[in-house]
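As you go down the protein sequences, you meet chains A and B in turn. Take 1 as the starting number for the first sequence in the UniProt record's numbering and just add one per residue. Take 1 as the starting number for the second sequence in the UniProt record's numbering and just add one per residue. Following: one structure in structure tokens, then a few remarks.
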Amino acid sequence: MGKLVTEMLKGTLEGIVLAVLGGRPAYGYEITAWLRDQGFSDIAEGTVYALLVRIEQRGLVDVRKVPSEKGPPRKVYSLNAQGQAYLEEFWRTWSFLAERLEQLREEGPQT
Amino acid sequence: MTAESGEPKSRYLHYLEILTGSLDEKKRWRQYKARVKQLPDNYRVAVEAMERYLMHFGPADGAGAMTMYEDLADLFEQGAADGTPIRDLFGDDPIEFAEAFMANYPLGQYRARERARFTSAVARAAGDDTPRRDRTDR
Numbered sequence: 001m002g003k004l005v006t007e008m009l010k011g012t013l014e015g016i017v018l019a020v021l022g023g024r025p026a027y028g029y030e031i032t033a034w035l036r037d038q039g040f041s042d043i044a045e046g047t048v049y050a051l052l053v054r055i056e057q058r059g060l061v062d063v064r065k066v067p068s069e070k071g072p073p074r075k076v077y078s079l080n081a082q083g084q085a086y087l088e089e090f091w092r093t094w095s096f097l098a099e100r101l102e103q104l105r106e107e108g109p110q111t
Numbered sequence: 001m002t003a004e005s006g007e008p009k010s011r012y013l014h015y016l017e018i019l020t021g022s023l024d025e026k027k028r029w030r031q032y033k034a035r036v037k038q039l040p041d042n043y044r045v046a047v048e049a050m051e052r053y054l055m056h057f058g059p060a061d062g063a064g065a066m067t068m069y070e071d072l073a074d075l076f077e078q079g080a081a082d083g084t085p086i087r088d089l090f091g092d093d094p095i096e097f098a099e100a101f102m103a104n105y106p107l108g109q110y111r112a113r114e115r116a117r118f119t120s121a122v123a124r125a126a127g128d129d130t131p132r133r134d135r136t137d138r
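Have a look at this one:
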């Protein structure tokens, strides 16, 4: 995956992860695995973890600790009401951005 | 994973900690180091490398710093248990991961001081009446 997509992903990864969690609760590794399946093969698990720490600190997700067969208990993240509201704002902002960029591509800069 | 006691500190402990620094933090630090020691060699080496970087550029002490190191230990214990390759944890650019991780916690003293100085210098130069808040609330 090229440098450009990595750069673009930076600003949107938070929304992507919240959208994934909107579907169903998941733990860190599942989210990274899903992203890799979708073709974001360069994404570091640590980067996703850092993001999960952040959205937890900001109160966008609820966290439940689930015992695991091997290793420490897993943190399972689920989207809460505040996260849902934030996700809706993310999609609105995304639509705005996508629309404007599409317009720029189709019509060039309008004065 | 924090072991903070909710009990109020005795007057003795309060004065002792003025001399020694927070005993609770020292305990948390020792617990973190003990957890790192239990990791498989290559994970331990990787965590210690990151710890060195964080010591330089992140918060070196305080409860926020301890939370940061505990979160770091959580990640690598989980990674080691899952057998996640070190490269998959760090990605191609370890700096990028370290910086994204560090941004979740209080700024290190050095960065906080220089950011405050820079922000207020620009505010003075711009002729602002009151300097804006810096980004230490991140």
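The C-beta atom is built at its ideal place from N, Cα and C for all residues, glycine as well.
Hey, out of the options, whose CA is closest to residue i's CA?
| i | options | result |
| --- | --- | --- |
| Asp71/B | Leu16/B, Arg115/B, Val122/B, Arg28/B | Arg28/B |
| Tyr53/B | Gly83/B, Ala112/B, Lys33/B, Gly108/B | Gly108/B |
| Asp42/A | Leu9/A, Ser78/A, Glu30/A, Glu107/A | Leu9/A |
| Val48/A | Phe101/B, Leu39/B, Gly62/B | Phe101/B |
| Tyr27/A | Ile95/B, Pro94/B, Gly79/B | Gly79/B |
| Glu25/B | Tyr69/B, Arg111/B, Ala126/B, Arg117/B | Tyr69/B |
So, at 7 Å on beta carbons, what are the nonlocal neighbours of residue i in its own chain, with the 5 sequence-adjacent residues on each side left out?
| i | result |
| --- | --- |
| Gly59/A | Gln82 |
| Leu13/A | Leu51 |
| Ile31/A | Val17, Val20, Val48 |
Over what stretch of residues does the alpha helix (DSSP H) that includes residue i continue unbroken?
| i | result |
| --- | --- |
| Asp82/B | 63-82 |
| Arg74/A | Careful: Arg74/A lies outside any alpha helix (DSSP H), inside the beta strand (DSSP E) at 74-79. |
| Phe40/A | Where Phe40/A is concerned, there is no enclosing alpha helix (DSSP H), given that its DSSP letter is neither H nor E. |
| Asn42/B | 41-57 |
| Ala60/B | Looking at the DSSP string, Ala60/B is not in any alpha helix (DSSP H), and its letter there is neither H nor E. |
Grab me the residues of residue i's own chain with a C-beta within less than 8 Å of its C-beta, minus the 5 sequence neighbours each way, in chain order.
| i | result |
| --- | --- |
| residue 157/A | Since the displayed chain A opens at 1 and closes at 111, residue 157/A lies outside it and no answer follows. |
| Leu75/B | Leu89 |
| Gly91/B | Phe97 |
Which same chain residues end up closer than 6 Å to residue i when comparing Cβ atoms and leaving out the 5 residues on each side of it in sequence?
| i | result |
| --- | --- |
| Ala65/B | Pro59 |
| Thr2/B | Residue placement at Thr2/B cannot be trusted, given a pLDDT of 45 that sits under 50; the coordinates are not used to answer. |
| Leu35/A | Ile43 |
Per the DSSP calculation, residue i is bridged to which residue(s)?
| i | result |
| --- | --- |
| residue 136/A | Past the edges of chain A, shown from 1 to 111, lies residue 136/A, and the structure says nothing about it. |
| Ala26/A | Tyr77/A |
Which runs of the alpha helix (DSSP H) fall wholly inside the stretch 89-116 of chain B and span at least 4 residues, in chain order? Residue ranges of uninterrupted alpha helix (DSSP H) with 4 or more members, entirely inside the stretch 89-116 of chain B and ordered along the chain, are 94-102.
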